[in-house]
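K.L.:
The sequence shown begins at 1066 in my numbering and counts up one residue at a time.
Note that CB positions come from ideal geometry on N, CA and C, so glycine has one too.
In this text the structure is predicted, and so the values were computed from the model without any measurement.
Starting off with a structure, shown below.
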Amino acid sequence: MAKLTKEEFINALKEMTVFEVKELVDAMQEEFGFDLTQVAVAAPQAQGVGASAEESGIVNVALKEVGQNKIAVIKVVREATGLGLKEAKDIVDACGVVKEKVDRAAAEELKAKLEEAGATVELQ
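Written as structure tokens, this is what we have:
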């Protein structure tokens, strides 16, 4: 088996859905015997004291209202998250958070797409 370069691996990840990446991470945890929950707890400390989400430009994109064109909103949610139809529909039905911890520019872009589809969106 040929060795992948870091760039090739990253490009391959970009082609994956969120679900596929989660499956990959789970398989890597099992294969190499590590636990990401310990890494995730340590990560916020690495940013430094006093670096809030607002300062770093990281926000959550949340649906407030779906509007008249629910199908179009579901399509945008599927495209943005890589989720399946049922999972995207569940998010839309619940008017929940579409994406968490997104940089402000990407969040504004997603907000515009959702609003174009007829939804009311809030950046938190």
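1) Under the three-state reduction of DSSP, which class applies to VAL1124: helix, strand or coil?
2) Would you kindly work out how many angstroms separate the C-alpha atoms of ALA1177 and PHE1099, rounded to a whole number?
3) Among LEU1069, ASP1091, ASP1158 and VAL1090, which one has its Cα closest to the Cα of ILE1136?
4) What does the Cβ neighbour count give for GLY1115, buried or exposed, with the cut at 16 atoms within 10 Å?
5) Rounded to whole angstroms, what's the CA-CA distance from PHE1084 to MET1093? Just pull it up for me.
6) Grab me the residues of GLY1147's own chain with a C-beta within less than 6 Å of its C-beta, minus the 5 sequence neighbours each way, in chain order.
P.N.:
Reading from the atomic positions:
1) Look at VAL1124 here: in three-state DSSP terms it is strand.
2) If I take the Cα positions, the gap works out to 39 Å.
3) Of LEU1069, ASP1091, ASP1158 and VAL1090, the smallest CA-CA separation from ILE1136 is found for ASP1158.
4) Reliability of the predicted coordinates at GLY1115 is poor, the pLDDT of 46 falling under 50, and the value obtained from them is presented with this limitation in mind. By the neighbour-count rule (16 or more Cβ atoms within 10 Å), GLY1115 is not buried but exposed.
5) As the crow flies, the alpha-carbon of PHE1084 is around 14 Å from that of MET1093.
6) Hits under 6 Å: THR1082 and VAL1083.
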